[in-house]
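Step one of this worksheet: look at the structure below.
Protein chains: 2
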Amino acid sequence: MRKTMARGDSYAVILAGGGGERLWPLSTPERPKQFVELFGGKPLIRHAADRLAGLIPPERILVITAARFVAQTRAALPMVPPANIVGEPCRRDTAAAVAVAVGMVRARGGADAVGAILTADQLMTPEEAFRRVLGDALAVAARSDAIVTLGVEPDHPATGFGYIARAEKVDFGTASEFAKVERFVEKPDLETARAYLATGRYSWNAGMFIWKASTMAAAFAAHAPEFSGLIEAVAAAPDVEAVMAARYPAIRATSVDYAVMEKATNILVARCAFTWDDVGGWNAIAAHFPADARGNVRLGKTAVYDAGNNIIVSDDAHVTAVVGLENVVVVHTPHATLVCARDRAQDVKQLVRSFAFPPCG
Amino acid sequence: MRKTMARGDSYAVILAGGGGERLWPLSTPERPKQFVELFGGKPLIRHAADRLAGLIPPERILVITAARFVAQTRAALPMVPPANIVGEPCRRDTAAAVAVAVGMVRARGGADAVGAILTADQLMTPEEAFRRVLGDALAVAARSDAIVTLGVEPDHPATGFGYIARAEKVDFGTASEFAKVERFVEKPDLETARAYLATGRYSWNAGMFIWKASTMAAAFAAHAPEFSGLIEAVAAAPDVEAVMAARYPAIRATSVDYAVMEKATNILVARCAFTWDDVGGWNAIAAHFPADARGNVRLGKTAVYDAGNNIIVSDDAHVTAVVGLENVVVVHTPHATLVCARDRAQDVKQLVRSFAFPPCG
Chain A
1 MRKTMARGDS YAVILAGGGG ERLWPLSTPE RPKQFVELFG GKPLIRHAAD RLAGLIPPER
61 ILVITAARFV AQTRAALPMV PPANIVGEPC RRDTAAAVAV AVGMVRARGG ADAVGAILTA
121 DQLMTPEEAF RRVLGDALAV AARSDAIVTL GVEPDHPATG FGYIARAEKV DFGTASEFAK
181 VERFVEKPDL ETARAYLATG RYSWNAGMFI WKASTMAAAF AAHAPEFSGL IEAVAAAPDV
241 EAVMAARYPA IRATSVDYAV MEKATNILVA RCAFTWDDVG GWNAIAAHFP ADARGNVRLG
301 KTAVYDAGNN IIVSDDAHVT AVVGLENVVV VHTPHATLVC ARDRAQDVKQ LVRSFAFPPC
361 G
Chain B
1001 MRKTMARGDS YAVILAGGGG ERLWPLSTPE RPKQFVELFG GKPLIRHAAD RLAGLIPPER
1061 ILVITAARFV AQTRAALPMV PPANIVGEPC RRDTAAAVAV AVGMVRARGG ADAVGAILTA
1121 DQLMTPEEAF RRVLGDALAV AARSDAIVTL GVEPDHPATG FGYIARAEKV DFGTASEFAK
1181 VERFVEKPDL ETARAYLATG RYSWNAGMFI WKASTMAAAF AAHAPEFSGL IEAVAAAPDV
1241 EAVMAARYPA IRATSVDYAV MEKATNILVA RCAFTWDDVG GWNAIAAHFP ADARGNVRLG
1301 KTAVYDAGNN IIVSDDAHVT AVVGLENVVV VHTPHATLVC ARDRAQDVKQ LVRSFAFPPC
1361 G
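Protein chains in written order, with this note's numbering: chain A, 1 to 361; chain B, 1001 to 1361.
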């Protein structure tokens, strides 16, 4: 393993699209989940950048977000050069964003530079385990023509994630275990998820993947050639946002999984030892904090009287009180308050969608 | 009936003590129920004064409240002369306050002037029916030596009010029906309350009673003579608050019901045709507003998703949303939010008492 080669040319590309639905009202369409500061007093996107420490320096961290979040993102990541943070003029799903990422990495590091598509709004513990597998994946991507996905070890039959079926192992002499990918599968129902877990051959698709710029460009050219022009234009022009402004309106909105990953054959999966949490709802949030004697998770100024197993979140200056209720989520923020049955927390997004928000693009 | 005599010398004395527990957080110890503005955009104490229109002019409305509420009360009642609104230095229950009321009425209108002890934080509908019975009660008190209580017709076996047992009728030629009082009874249990209703002889004790200053002073002298000095001092001195400051610390804290009313024999009860509501909790509040198709009573900016039979109150600039819950009270104010099972609304006072508030007096 030639570490120096991998590390010198490695870039992180954090996709920070948005989505404020499931943690509303703490997150909102105007302040999506990556800016939520519940953990360690810093936003999740800052966690995403900070956990690269020692592996990828800030000047090689790139962020692709929505145009309206560029200023917030630059404020959250003051150590990242402002030009590394670019905003999409409208939402075009992940295929277009990854094409822009390939172009940006090639413009900065050449065709042999390696890029890692990373998420903006997840927690990973221990972070050292994440850095170890990412370092190995960067090295493998640099010295092979494979696209390397990170596959998280499932600990329960989740129905909210896609899965990756692993084929035979491939030994690169790394601490991390790599395997060929047999196939990607969409979010399963519970019975199917249980069957996947029983085989021991399935990982969760964490939405993170690592590639040499030339490898990913070739994959687009083979499976979704309509994005090749975008890659070339971004690689050639100094103003990435101008390229997006010109090309996005006509480009297809599709996911990189559908456009490329499910069709490419040169994909490896790295098995990950870290616990991965997309904190995609209030119950997931609560798992990160201790409960009181009655099982209430309480953040901020809260009061309870004969109440148990609730999640109560209140901002600093405000008291939030719960009387005679169980299994309720109560979240108070300056602009809105949510009161929701714990087992209905996934329906918060339905409520938020029912509000009239301005359309994107 | 000599209307002119009764009306020329009539004073209203509104007792506005406090108590913010059952409507917390809309009411608080610092902003008790009489200042709540849910109904018609004006505080309940303003309703108490406004419904006297045509019967008692503002310059003959007196208010006895706690010293710390004097400024708020004057602001809520700008048409009442500021000197008519006095603050008790500490809480001494209703006997002392009524003694002060007797002294104030006598100082202004002489021994034959009539005073009506009225409540500060209740709704009465229709108000015309209230005015009619109050007018008759003022006239009867002026021309007799009776203390006249207002007895509200019970429409259910309430356990939260005291009751008045009526003896034989007394005809004063008024539209309202008057009867002698057989006895006052404390808040009953449900079975006892049902038995009271079955007799058809019981009224709810509304805590409002009307008397000539000389009559009420004589009742104190006969049954609670320790308060006579307070009456005389208030009647003689221009500065009522100075008298209270000097005499309250040593005075007994007891209710006028216990000290005088339950012992006096010259008491009449006027049967009232109005509906009387002390809006003493969130369920009582909700009854005054229409519900949506799912039975939710919603005040302010609210949102619901698959939720029914809730009471949701939100201040103007804030959205309060309820998802997947039934029979819950949610009240948002700028300083605090309450989330409570509807059938546990009476426990809100337990919660509020658990907070550390500075003691009074």
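Glycine included, C-beta positions come from ideal geometry on N, C-alpha and C.
Tell me the DSSP bridge mates of residue i?
i, result
"residue 211(A)", "115(A)"
"residue 1263(B)", "Partner(s): none; residue 1263(B) has no beta bridge."
"residue 1178(B)", "1170(B), 1270(B)"
"residue 203(A)", "164(A)"
"residue 192(A)", "According to DSSP, residue 192(A) bridges with nothing at all."
"residue 1299(B)", "1313(B)"
"residue 124(A)", "276(A)"
"residue 184(A)", "164(A)"
"residue 329(A)", "311(A), 340(A)"
"residue 16(A)", "65(A)"
"residue 197(A)", "For residue 197(A), which the question treats as bridged, DSSP gives no partner whatsoever."
"residue 45(A)", "BP columns for residue 45(A) are empty, so no partner."
"residue 1011(B)", "1115(B)"
"residue 321(A)", "303(A), 1338(B)"
Where does residue i land, buried or exposed, given buried means 16+ other C-beta within 10 angstroms?
i, result
"residue 289(A)", "exposed"
"residue 1200(B)", "exposed"
"residue 150(A)", "buried"
"residue 43(A)", "buried"
"residue 257(A)", "buried"
"residue 1268(B)", "buried"
"residue 1189(B)", "exposed"
"residue 75(A)", "exposed"
"residue 1169(B)", "exposed"
"residue 335(A)", "exposed"
"residue 1125(B)", "exposed"
"residue 359(A)", "Confidence at residue 359(A) is low in this model, with a pLDDT of 39, below 50, so its placement is unreliable and the value that follows should be read with caution. Its Cβ having fewer than 16 others within 10 Å, residue 359(A) is exposed."
"residue 332(A)", "buried"
"residue 132(A)", "buried"
"residue 1361(B)", "Any reading at residue 1361(B) is ruled out, since the residue's pLDDT is 37, under 50, leaving its predicted position unreliable."
"residue 65(A)", "buried"
Using 8 Å for Cβ pairs, my map puts residue i next to residue j. What's the rounded Cβ distance?
i, j, result
"residue 1294(B)", "residue 1307(B)", "7 Å"
"residue 342(A)", "residue 311(A)", "7 Å"
"residue 338(A)", "residue 1323(B)", "7 Å"
"residue 95(A)", "residue 228(A)", "Not confirmed; about 12 Å, so no contact."
"residue 1120(B)", "residue 1061(B)", "Not really, about 11 Å apart at Cβ, beyond 8 Å."
"residue 14(A)", "residue 118(A)", "5 Å"
Going by the beta-carbon positions, is the gap between residue i and residue j smaller than 8 Å?
i, j, result
"residue 1087(B)", "residue 1241(B)", "yes"
"residue 1080(B)", "residue 1016(B)", "no"
"residue 1259(B)", "residue 1224(B)", "yes"
"residue 193(A)", "residue 283(A)", "no"
"residue 1252(B)", "residue 1127(B)", "no"
"residue 171(A)", "residue 266(A)", "no"
"residue 1116(B)", "residue 1045(B)", "no"
"residue 220(A)", "residue 129(A)", "no"
Residues in the same chain with beta-carbon distance under 6 Å from residue i, minus the five sequence neighbours each way, listed in chain order, please.
i, result
"residue 1230(B)", "1099, 1247"
"residue 206(A)", "150, 152, 276"
"residue 1102(B)", "1213, 1216, 1217, 1231"
"residue 328(A)", "310"
"residue 1352(B)", "1021, 1024"
"residue 6(A)", "Below a pLDDT of 50, predicted positions are generally treated as unreliable, and residue 6(A), at 40, falls in that range; the measurement from the model is reported next regardless. Hits under 6 Å: 138, 139, 142."
"residue 1263(B)", "1223"
"residue 1280(B)", "1022"
"residue 92(A)", "248, 251, 253"
"residue 1285(B)", "1279"
"residue 1314(B)", "1300, 1301, 1302, 1320, 1332"
Tell me which residues share the same chain as residue i and place their Cβ nearer than 7 Å to its Cβ, disregarding the 5 neighbours each side in the sequence.
i, result
"residue 1136(B)", "1174, 1175, 1176, 1270"
"residue 1161(B)", "1187, 1204, 1205"
"residue 3(A)", "Caution is warranted here: a pLDDT of 39 is assigned to residue 3(A), below 50, making its placement in the model unreliable, and the coordinate value is therefore given only provisionally. Here the set comprises 139."
"residue 1303(B)", "1319, 1321"
"residue 237(A)", "243"
"residue 180(A)", "167, 168, 170, 268"
Excluding five sequence neighbours on each side, which residues of the same chain lie with their C-beta closer than 8 Å to the C-beta of residue i?
i, result
"residue 1203(B)", "1151, 1152, 1153, 1154, 1163, 1164, 1166, 1269, 1271, 1272"
"residue 40(A)", "47"
"residue 113(A)", "9, 10, 11, 105, 106, 212, 213"
"residue 1305(B)", "1321, 1322, 1323, 1324"
"residue 110(A)", "9, 213"
"residue 245(A)", "89"
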